[in-house]
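Everything on this sheet refers to the single structure shown next.
There are 4 protein chains.
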Amino acid sequence: MARSSTIARVHAAVLELAAEHGPTSLTMEGIASRAGIGKQTLYRSWPGVPAVLFDALLAHGDAPGSDGARADGDLAHQLEDLLVAATEEISTEPHASLLRALAAVIQTDESVAREYRTRLLEPQLAQVHDVLRAAGSSEPERAAELLMAPVVYRWFLRLPPMTTEQLVRHVEDVLALTDRD
Amino acid sequence: MARSSTIARVHAAVLELAAEHGPTSLTMEGIASRAGIGKQTLYRSWPGVPAVLFDALLAHGDAPGSDGARADGDLAHQLEDLLVAATEEISTEPHASLLRALAAVIQTDESVAREYRTRLLEPQLAQVHDVLRAAGSSEPERAAELLMAPVVYRWFLRLPPMTTEQLVRHVEDVLALTDRD
Amino acid sequence: MARSSTIARVHAAVLELAAEHGPTSLTMEGIASRAGIGKQTLYRSWPGVPAVLFDALLAHGDAPGSDGARADGDLAHQLEDLLVAATEEISTEPHASLLRALAAVIQTDESVAREYRTRLLEPQLAQVHDVLRAAGSSEPERAAELLMAPVVYRWFLRLPPMTTEQLVRHVEDVLALTDRD
Amino acid sequence: MARSSTIARVHAAVLELAAEHGPTSLTMEGIASRAGIGKQTLYRSWPGVPAVLFDALLAHGDAPGSDGARADGDLAHQLEDLLVAATEEISTEPHASLLRALAAVIQTDESVAREYRTRLLEPQLAQVHDVLRAAGSSEPERAAELLMAPVVYRWFLRLPPMTTEQLVRHVEDVLALTDRD
DNA sequence: TCTTAAACGAGACGGTACGTCAAGTCTTCGC
DNA sequence: GCGAAGACTTGACGTACCGTCTCGTTTAAGA
Chain U
1 MARSSTIARV HAAVLELAAE HGPTSLTMEG IASRAGIGKQ TLYRSWPGVP AVLFDALLAH
61 GDAPGSDGAR ADGDLAHQLE DLLVAATEEI STEPHASLLR ALAAVIQTDE SVAREYRTRL
121 LEPQLAQVHD VLRAAGSSEP ERAAELLMAP VVYRWFLRLP PMTTEQLVRH VEDVLALTDR
181 D
Chain L
1 MARSSTIARV HAAVLELAAE HGPTSLTMEG IASRAGIGKQ TLYRSWPGVP AVLFDALLAH
61 GDAPGSDGAR ADGDLAHQLE DLLVAATEEI STEPHASLLR ALAAVIQTDE SVAREYRTRL
121 LEPQLAQVHD VLRAAGSSEP ERAAELLMAP VVYRWFLRLP PMTTEQLVRH VEDVLALTDR
181 D
Chain R
1 MARSSTIARV HAAVLELAAE HGPTSLTMEG IASRAGIGKQ TLYRSWPGVP AVLFDALLAH
61 GDAPGSDGAR ADGDLAHQLE DLLVAATEEI STEPHASLLR ALAAVIQTDE SVAREYRTRL
121 LEPQLAQVHD VLRAAGSSEP ERAAELLMAP VVYRWFLRLP PMTTEQLVRH VEDVLALTDR
181 D
Chain X
1 MARSSTIARV HAAVLELAAE HGPTSLTMEG IASRAGIGKQ TLYRSWPGVP AVLFDALLAH
61 GDAPGSDGAR ADGDLAHQLE DLLVAATEEI STEPHASLLR ALAAVIQTDE SVAREYRTRL
121 LEPQLAQVHD VLRAAGSSEP ERAAELLMAP VVYRWFLRLP PMTTEQLVRH VEDVLALTDR
181 D
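Sequences listed follow chains U, L, R and X, in order. FYI, the UniProt record's numbering numbers position 20 of the first sequence as 20, with every residue one higher than the one before it. FYI, the UniProt record's numbering numbers position 98 of the second sequence as 98, with every residue one higher than the one before it. FYI, the UniProt record's numbering numbers position 35 of the third sequence as 35, with every residue one higher than the one before it. FYI, the UniProt record's numbering numbers position 178 of the fourth sequence as 178, with every residue one higher than the one before it.
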């Protein structure tokens with residue numbers, strides 16, 4: 001396995017490149033160069049750019065929504081917090097560029113898509129499930145998808161993110177649907 | 001500008017390559033080679049891969065939902081038809097590969113994203129708006145987004161597309177929300 | 001046949017390009033563009049760059065040494081005048097660039113070399129022959145070559161041209177050889 | 001820098017291409033292809049065709065006149081040997097094609113001309129200087145130029161090379177001039 | 001004067017080569 | 001003998017010219 005100093009340098013290089021030059025700059029060549037290591041050293045530990053991205057994301061506290069959530073708030077407030085956290089995460093550097101680069105690869109590589117879902121998406125959705133289930137929702141999966149879909153959809157198509165007001169309204173609506181069942 | 005036979009050959013080449021080798025094979029070099037034209041001929045008419053993709057998509061009847069829609073059906077049925085059409089379009093070759101390639105570029109090129117929204121997304125949303133507005137919906141934009149978001153979200157993250165039953169349920173739910181207002 | 005105005009425009013374009021951007025800029029594409037004519041018009045009258053160069057050179061008084069020669073001077077002075085004229089011609093724009101471009105093509109195209117010898121070199125040598133023959137030289141061809149060779153040699157290898165003093169000395173030496181015979 | 005096997009393959013490719021298809025075939029693309037190496041490998045070690053040519057020439061015993069010179073012969077014979085060797089070198093493949101290609105570039109690229117003079121011409125002239133100086137010539141540079149100029153002049157203009165008889169006579173004449181001083 | 005054929009500008013076309021960049025593999029050498 | 005450095009093959013990038021080939025449009029006769 002690679003030395004921990006090598007790993008740290010790679011992570012730092014990825015974050016720097018993402019923040020400075022955007023998602024396009026994230027190439028194996030560029031990362032190795034910026035980290036000051038040989039290309040083979042990079043390939044020895046990670047098979048390609050997406051693997052490095054996952055590592056960098058997970059290593060840098062990619063636990064969205066876990067911070068500052070009003071654990072004691074009511075159901076709606078907790079969901080609002082989760083969505084606000086997700087919205088902020090995907091629009092703040094260097095996470096924004098990393099996720100953007102990942103999103104591009106997801107489109108052309110099914111295995112990356114699968115890994116994204118298991119390592120990043122599902123943990124995030126699980127939080128929403130938990131809140132919904134705690135509130136007695138009959139179909140937490142469906143409700144969670146309804147909650148998250150517009151957020152992801154807008155980010156994916158580079159539409160302006162939902163404002164806080166829109167998010168509040170959105171949570172309210174989805175909860176109304178759940179109650180209706 | 002370009003001769004119509006040239007354009008036709010380029011479109012054919014794009015569709016063939018997309019169907020045969022997937023989104024990754026869509027390079028300017030490959031398209032020119034498959035179409036049997038010079039690279040400069042390609043670059044003279046299209047600045048890059050995304051431009052060729054837009055042209056090929058729009059030229060091949062990219063008017064989703066317009067075919068077979070039950071224009072005389074009731075509101076819910078019309079919306080179901082639109083969503084089913086959209087779902088099928090994004091999962092059927094060669095459209096699937098072309099859109100997938102486009103989705104990848106959208107992630108790293110804001111101008112492509114803008115062009116996608118204007119030339120492909122908005123016409124599609126407009127159809128939904130029209131149906132909703134005809135039904136007296138107070139907020140057709142919001143409802144349309146709620147309808148489309150899960151479809152795009154699943155496609156984008158390569159989750160299995162919604163089944164017809166799920167789509168029917170989804171339309172029903174969103175309409176219930178609209179009525180609730 | 002080409003219209004005279006076309007020919008004139010081509011000649012003008014060649015001289016301008018040669019003077020402004022050097023020998024490298026002399027391409028069929030560039031000449032047509034600068035002359036404001038179609039490429040086919042150019043190719044209709046000239047098969048390639050060298051042909052245009054010959055035409056432009058011959059049309060612009062490429063009769064080196066004919067001007068200002070002291071026709072009544074003695075033998076040595078007349079030869080000096082011829083060599084000085086040749087030296088100046090090959091180092092003054094736009095002739096310098098045209099000849100330089102021609103020299104490049106001569107290296108890779110035997111037919112251009114032949115045409116150069118008959119249309120440009122031999123007339124020039126003939127002048128030297130005439131003077132030498134008038135002076136009773138027994139081998140005017142050999143003497144002419146001895147006279148011209150260092151001038152061409154230096155120009156070809158981009159060495160500094162002979163100074164007037166060196167030229168005078170050179171003529172003197174060659175004449176001494178001729179007399180020696 | 002480059003691996004020695006790479007360099008060897010490049011040199012071989014250059015000689016083969018020059019001998020088979022003449023100076024025109026010497027392109028970076030063609031050399032890389034024939035050598036079975038990547039273009040980037042070629043560009044990493046040589047900035048362009050002329051650099052490759054210099055290397056190939058210098059690597060293949062480009063020490064003209066050094067072989068078979070009658071070191072113990074008298075002055076005239078040594079000079080004749082040098083000139084004969086030079087004449088043969090420039091008219092024998094594959095050197096002929098390499099030098100021809102170089103000659104073309106010299107016409108349009110001053111830096112190549114400079115490098116040619118330093119790396120190929122001056123060593124050759126130095127040999128002539130040495131012989132002349134050993135013979136007590138008062139102006140070895142001028143005499144050397146006088147000796148070489150007709151040889152280069154004829155080669156450059158693609159005139160038939162001097163016959164051995166002409167060379168002998170030429171050496172005799174130049175020596176007579178030197179003695180005259 | 002009308003017409004008709006040429007010469008024309010414009011530029012699309014299939015190609016070849018340019019020089020650069022990144023991918024992923026393989027080699028060399030120092031610690 | 002492991003790992004950093006970097007040379008390697010491959011192939012796409014976008015550009016410049018090449019020489020050929022239509023397109024309509026002048027232009028300059030001859031009828």
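Even for Gly, the Cβ is constructed at its ideal location relative to N, Cα and C.
Asked                                                                                                                                                                                           : Found
For R:Leu125 versus R:Met148, is the C-beta spacing smaller than 9 Å?                                                                                                                           : yes
With a threshold of 9 Å between beta-carbons, can L:Thr41 be considered close to chain U, or not?                                                                                               : no
Are the stretch 108-127 of chain R and the stretch 47-60 of chain R touching, with three or more C-beta to C-beta distances below 8 Å?                                                          : yes
If you draw a straight line from the alpha carbon of U:Val39 to that of U:Trp46, how long is it in whole angstroms?                                                                             : Here residue 39 of chain U is Lys; the residue named in the question, Val, does not match the sequence. Spanning the two alpha carbons is a distance of roughly 11 Å.
Of the choices X:Ala134, X:Ala103, X:Ile7 and X:Thr41, whose alpha-carbon is the least far from that of R:Tyr153?                                                                               : X:Ala103
What do you reckon, are the CB atoms on U:Val171 and U:Leu83 nearer than 9 Å?                                                                                                                   : yes
Which residue spans inside the stretch 83-110 of chain L form an unbroken alpha helix (DSSP H) run of at least 4?                                                                               : 95-108
Please go through the same chain and pick out, in chain order, the residues whose beta-carbon is closer than 6 Å to the beta-carbon of L:Leu146, but skip the five residues on each side of it. : Val174
Scan the stretch 80-105 of chain L for residues whose Cβ lies nearer than 8 Å to a Cβ of chain U and list them as they occur along the chain.                                                   : Arg100, Ala101, Ala103, Ala104 and Val105
Between X:Ala63 and R:Trp155, what straight-line distance do the alpha-carbon atoms span, to the nearest angstrom?                                                                              : Unreliable positioning characterises X:Ala63 in this predicted model, as indicated by a pLDDT of 49, which lies under 50. The coordinate reading is nonetheless provided below. Rounded to whole angstroms, X:Ala63 to R:Trp155 spans 24 Å at the Cα level.
How is the alpha helix (DSSP H) around U:Gly30 delimited, first residue to last?                                                                                                                : Met28 to Ala35
Relative to the C-alpha of R:His11, which residue among R:Glu165, R:Leu42 and R:Val105 is closest?                                                                                              : R:Leu42
Quick one, are the C-beta atoms of L:Glu23 and L:Ser111 less than 9 Å apart?                                                                                                                    : The sequence shown places Pro at residue 23 of chain L, rather than the Glu named in the question. Their beta carbons are not under 9 Å apart, which means L:Pro23 does not touch L:Ser111 by this criterion.
Grab the span of the alpha helix (DSSP H) containing R:Trp155 for me, first residue to last.                                                                                                    : Pro140 to Phe156
Based on Cα-Cα distance, which residue from L:Arg114, L:Arg100 and L:Gln107 lies nearest to U:Thr108?                                                                                           : L:Arg100
State buried or exposed for L:Arg9, treating a residue as buried only when at least 16 other CB atoms are found within 10 Å of its CB.                                                          : buried
Measure the Cβ-Cβ separation of L:Ile31 and L:Ala13 and say whether it is below 9 Å.                                                                                                            : yes
On a CA-only basis, which of R:Leu132, R:Leu159 and R:Pro160 is nearest R:Leu177? Give me that one, please.                                                                                     : R:Leu132
With DSSP collapsed to three states, give me the class of X:Thr163.                                                                                                                             : coil
On a Cα-Cα basis, can you pick out the residue from X:Ala143, X:Pro50 and X:Thr164 that is closest to X:Arg114?                                                                                 : X:Pro50
How is R:His129 classed by DSSP in three states: helix, strand or coil?                                                                                                                         : helix
Just verifying my parser: in three-state terms, what is the DSSP assignment at X:Arg119?                                                                                                        : helix
Which residues in the same chain have their Cβ closer than 6 Å to the Cβ of U:Leu75, if we skip the five residues on either side of it in sequence?                                             : Ala135
Along chain X, which residues have their Cβ under 9 Å away from the Cβ of R:Gln78?                                                                                                              : Under the 9 Å cutoff, chain X gives no residues; its nearest Cβ is about 21 Å from R:Gln78.
Answer yes or no: does any C-beta atom of chain U fall closer than 9 Å to that of L:Thr24?                                                                                                      : yes
When the cut-off is 9 Å and only beta carbons count, does L:Ala18 lie next to chain U?                                                                                                          : no
Please report the distance separating the alpha-carbon of X:Ser137 from that of X:Pro94.                                                                                                        : 35 Å
Taking all protein chains shown into account, decide if U:Gly65 is buried (16 or more other Cβ within 10 angstroms of its Cβ) or exposed.                                                       : In this prediction, U:Gly65 scores a pLDDT of 44, lower than 50, which makes its location untrustworthy; the coordinate-derived value is nonetheless stated afterwards. Buried: at least 16 other Cβ atoms inside 10 Å.
Is U:Glu29 close to chain L, meaning its C-beta is less than 9 Å from at least one C-beta of that chain?                                                                                        : no
Can you tell me whether X:Ala2 is buried or exposed, with buried defined as 16 or more other CB within 10 angstroms of its CB?                                                                  : exposed
Measure the Cβ-Cβ separation of L:Leu157 and U:Ile106 and say whether it is below 9 Å.                                                                                                          : yes
Assign X:Pro160 to one of two classes, buried (16 or more other C-beta atoms within 10 Å of its C-beta) or exposed (fewer than that).                                                           : exposed
Would a check of beta-carbon distances place U:Ala126 closer than 9 Å to chain L?                                                                                                               : no
Alpha helix (DSSP H) containing X:Ala12: first to last residue?                                                                                                                                 : Ser4 to His21
According to a CB-to-CB cut-off of less than 8 Å, which residues of the stretch 105-123 of chain U neighbour chain L?                                                                           : Val105, Ile106, Gln107, Thr108, Glu110, Ala113, Arg114, Tyr116, Arg117 and Leu121
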